[in-house]
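Asker: Can you read through this structure? Questions will come right after.
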Amino acid sequence: MSEKEVLDILGEKVALGESAKVSFNVAKLHTQNTIDVPVIIERSKKPGPTVLITAGIHGDEINGVEIVRQIIAKGINKPKRGTIICIPVINVFGFINMDRLFPDGRDLNRVFPGGKKGSLASRVAHKLMNEIVPHADLILDFHTGGADRFNAAQIRVVKNEIVLDELAQVFRAPFTLYTKNLNNSFRSSCYKLGIPILLFEGGKSFNIDNTITNTGVNGTKRVLHHLEMLNSKFKVSKPKKSCIKIEESKWLRAKYSGMFKASVAINSRVEKGDVLGHITDPYGSFNHFVKAPNDGYIFNVNESPIIYQGDAIFHISTKLQN
48 MSEKEVLDIL GEKVALGESA KVSFNVAKLH TQNTIDVPVI IERSKKPGPT
98 VLITAGIHGD EINGVEIVRQ IIAKGINKPK RGTIICIPVI NVFGFINMDR
148 LFPDGRDLNR VFPGGKKGSL ASRVAHKLMN EIVPHADLIL DFHTGGADRF
198 NAAQIRVVKN EIVLDELAQV FRAPFTLYTK NLNNSFRSSC YKLGIPILLF
248 EGGKSFNIDN TITNTGVNGT KRVLHHLEML NSKFKVSKPK KSCIKIEESK
298 WLRAKYSGMF KASVAINSRV EKGDVLGHIT DPYGSFNHFV KAPNDGYIFN
348 VNESPIIYQG DAIFHISTKL QN
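Sequential numbering from 48 applies to the sequence shown in our numbering.
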């Protein structure tokens, strides 16, 4: 068999038409127990692109994990042509401990491309970038909002990249947000290798939201259909609304500490001066109205009932792309 017919990954050889579950191991727990990070591989008999689908870079981002779980459970990851590699939980250490970070206190998404002799998080990043990512022609990476900040379903890509923009429109999340690649992030490292990556954001930590999950699964099906990889038994739905492209945005931060309640729904379009929420005190003597500073779309809402001065409470678009 030729090199293209056999996928040599993590010490395993997977031929066209074969399925495999291989282990992505870097370290043991302090108890010497081995932690296996399953990598699920499905290959069609017919050659084609290789799509890598990942989630759980942060251990508390459960909704992304649920999206990849459904993709596997429903058999969407069994391609009509090519190869689909799924890693539902990259930061399995954080997932087990219900913690965003690695046991070494590091944010995995800030240590890429990592190092072979670095920290635990750095070693995981290095192995991912050297033994799995180079096989991919496209990466779909699923995330959720941090803390109590609920993200509207959105695809994040860098601006002025024709391939990424086309794929984002194929995915068709409610919003496409044009953002720069963060230094030492997974997205930045893949971009430097020339591998297209769509970063999906939706929902909030320690939460599974059906709307967000459905958006992620349906968007994945659209991308696979676009690549002629989706099995014909799956239907591809058209979104009810068009995708809104956000070129610029800003966070609204709390002017006061107190009890907080948003009065505007996620995905809403607001006008300058509209009341977005209230900050109150527990004694009934203070009530501050949070108002929109400009016309725009609200695509992130802080759902924490208690906030402090300076906390990010709303993310609002300031410039849209026509």
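Where is the CB? At the ideal position from N, CA and C, for every residue including glycine. Note that the structure is predicted; figures quoted are calculated from it, not measured.
If I follow the unbroken beta strand (DSSP E) through F333, where does it start and stop?
Answerer: The residue you call residue 333 lines up with position 286 of the sequence shown. Segment: none, F333 is in no beta strand (DSSP E) and carries neither H nor E.
Asker: Under 8 Å by Cβ, that's how I've got I326 and F307 pegged, so tell me the actual separation to the nearest angstrom.
Answerer: Residue numbering aside, residue 326 sits at position 279 when the sequence shown is read from its first letter. Residue numbering aside, residue 307 sits at position 260 when the sequence shown is read from its first letter. 5 Å between Cβ atoms; contact.
Asker: Just list the residues that DSSP pairs R203 with in beta bridges.
Answerer: Translated into the one-based positions of the sequence shown, residue 203 becomes position 156. R203 is bridged to L224, L246.
Asker: Please state whether DSSP places C237 in a helix, a strand or coil.
Answerer: Walking along the sequence shown from the start, residue 237 turns up at place 190. Three-state DSSP puts C237 in a helix.
Asker: For I291 and K174, what's the separation of their Cα atoms in angstroms?
Answerer: Numbered from 1 along the sequence shown, position 244 holds the residue referred to as residue 291. Numbered from 1 along the sequence shown, position 127 holds the residue referred to as residue 174. Distance between the alpha carbons of I291 and K174: 36 Å.
Asker: Going by DSSP, what residue range makes up the beta strand (DSSP E) through T130?
Answerer: Within the sequence shown, residue 130 is the residue found at index 83, counting from 1. Note, T130: beta strand (DSSP E), 130 to 134.
Asker: Evaluate P221 with the Cβ neighbour count: other Cβ atoms within 10 Å of its Cβ, from every protein chain shown; 16 or more gives buried, anything less gives exposed.
Answerer: Taking the sequence shown and counting its residues from 1, the one referred to as residue 221 is at position 174. That one is buried.
Asker: Nearest CA to the CA of K282: which residue from E213, N257, T267?
Answerer: Start at 1 with the first residue of the sequence shown, and residue 282 comes out as number 235. It is T267.
Asker: For the region 143 to 162 against the region 90 to 97, do three or more pairs of beta-carbon atoms, one drawn from each stretch, fall closer than 8 Å, so that the two count as touching?
Answerer: They do not touch, by the three-pair rule.
Asker: For A215, which three-state DSSP category applies?
Answerer: The count along the sequence shown starts at 1 and reaches residue 215 at position 168. Helix, per DSSP.
Asker: Assuming contact is defined by CB atoms lying nearer than 8 Å, are Q216 and E248 in contact in what I supplied?
Answerer: For the purposes of this step, residue 216 is taken as the residue at position 169 of the sequence shown. For the purposes of this step, residue 248 is taken as the residue at position 201 of the sequence shown. Not a contact, by the Cβ cut-off of 8 Å.
Asker: Can you say whether P320 is buried or exposed, counting buried as having 16 or more other CB atoms within 10 angstroms of its CB?
Answerer: Taking the first residue of the sequence shown as 1, we reach residue 320 at position 273. For clarity, residue 320 is Gly in the given sequence; the question names Pro instead. G320 should be labelled exposed.
Asker: Roughly how many whole angstroms lie between the Cα atoms of S279 and Q117?
Answerer: Numbered from its first residue, the sequence shown carries residue 279 at position 232. Numbered from its first residue, the sequence shown carries residue 117 at position 70. Taking the straight line from one Cα to the other gives about 18 Å.
Asker: What does the Cβ neighbour count give for S289, buried or exposed, with the cut at 16 atoms within 10 Å?
Answerer: If you number the sequence shown from 1, residue 289 lands on position 242. Per the 10 Å Cβ criterion, exposed.
Asker: Among the residues of its own chain, which have a CB less than 7 Å from the CB of D83, if the five just before and after it don't count?
Answerer: Mapped onto the sequence shown, residue 83 falls at position 36. Cβ within range, chain order: S70, N72.
Asker: If we require 4 or more residues per run, which alpha helix (DSSP H) segments fall completely within the region 249 to 320?
Answerer: Those alpha helix (DSSP H) runs which fall completely within the region 249 to 320 and span 4+ residues are 257 to 273.
Asker: What residue from E275, Y303, I186 has the CA that sits closest to P126's CA?
Answerer: Walking along the sequence shown from the start, residue 126 turns up at place 79. The residue with the shortest Cα to Cα distance from P126 is E275.
Asker: Residue range of the beta strand (DSSP E) that N347 falls in?
Answerer: By one-based count along the sequence shown, residue 347 stands at place 300. First-last of the beta strand (DSSP E) with N347: 343 to 349.
Asker: Taking the Cβ atom as the reference point for each residue, do I131 and I104 lie within a distance shorter than 8 Å?
Answerer: Residue numbering aside, residue 131 sits at position 84 when the sequence shown is read from its first letter. Residue numbering aside, residue 104 sits at position 57 when the sequence shown is read from its first letter. Contact flag unset, no.
Asker: So for I360, helix, strand or coil by DSSP?
Answerer: Numbered from its first residue, the sequence shown carries residue 360 at position 313. The answer is strand: DSSP assigns I360 an E or B state.
Asker: So F140 is in the beta strand (DSSP E); what residue range does that whole segment cover?
Answerer: To locate residue 140, count along the sequence shown from 1; it is residue 93. Note, F140: premise wrong, no beta strand (DSSP E); alpha helix (DSSP H) at 139 to 144.
Asker: DSSP state of G192, grouped into three classes?
Answerer: As a working mapping, residue 192 is identified with position 145 in the sequence shown. Correct three-state label for G192: strand.
Asker: Beta strand (DSSP E) containing S169: first to last residue?
Answerer: The residue given as residue 169 occupies position 122 in the sequence shown. Not the beta strand (DSSP E): S169 falls in the alpha helix (DSSP H), residues 167 to 178.
Asker: Report the CB separation of I114 from F189 in whole angstroms; it is logged as a contact under 8 Å.
Answerer: Numbered from its first residue, the sequence shown carries residue 114 at position 67. Numbered from its first residue, the sequence shown carries residue 189 at position 142. Indeed, because the Cβ distance is near 5 Å, the residues count as touching under 8 Å.
Asker: Alpha carbon to alpha carbon, what distance is there between G305 and P329?
Answerer: Residue 329 sits at position 282 when you count from the first residue of the sequence shown. Residue 305 sits at position 258 when you count from the first residue of the sequence shown. P329 and G305: Cα-Cα distance of roughly 8 Å.
Asker: Give the straight-line distance between the Cα atoms of A183 and V205, rounded to the nearest whole angstrom.
Answerer: Along the sequence shown, read from residue 1 onward, the residue named residue 183 stands at position 136. Along the sequence shown, read from residue 1 onward, the residue named residue 205 stands at position 158. Using only the alpha carbons, I get a separation of about 19 Å.
Asker: Does the beta-carbon distance from L224 to V98 come in below 8 Å?
Answerer: Here residue 224 corresponds to residue number 177 of the sequence shown, with the count starting at 1. Here residue 98 corresponds to residue number 51 of the sequence shown, with the count starting at 1. No, Cβ-Cβ distance for L224 and V98 is not below 8 Å.
Asker: How would you call T81, buried or exposed, if buried means at least 16 neighbouring beta carbons within 10 angstroms?
Answerer: To locate residue 81, count along the sequence shown from 1; it is residue 34. With fewer than 16 other Cβ atoms within 10 Å, it is exposed.
Asker: If distances are taken between C-alpha atoms only, which option among R170, I354, G122, G106 comes closest to F142?
Answerer: The count along the sequence shown starts at 1 and reaches residue 142 at position 95. Closest by alpha carbon: G106.
Asker: Would you call the CB atoms of V42 and K338 closer than 8 Å?
Answerer: One cannot answer for residue 42 here, as it falls past the ends of the chain, which runs 48 to 369.
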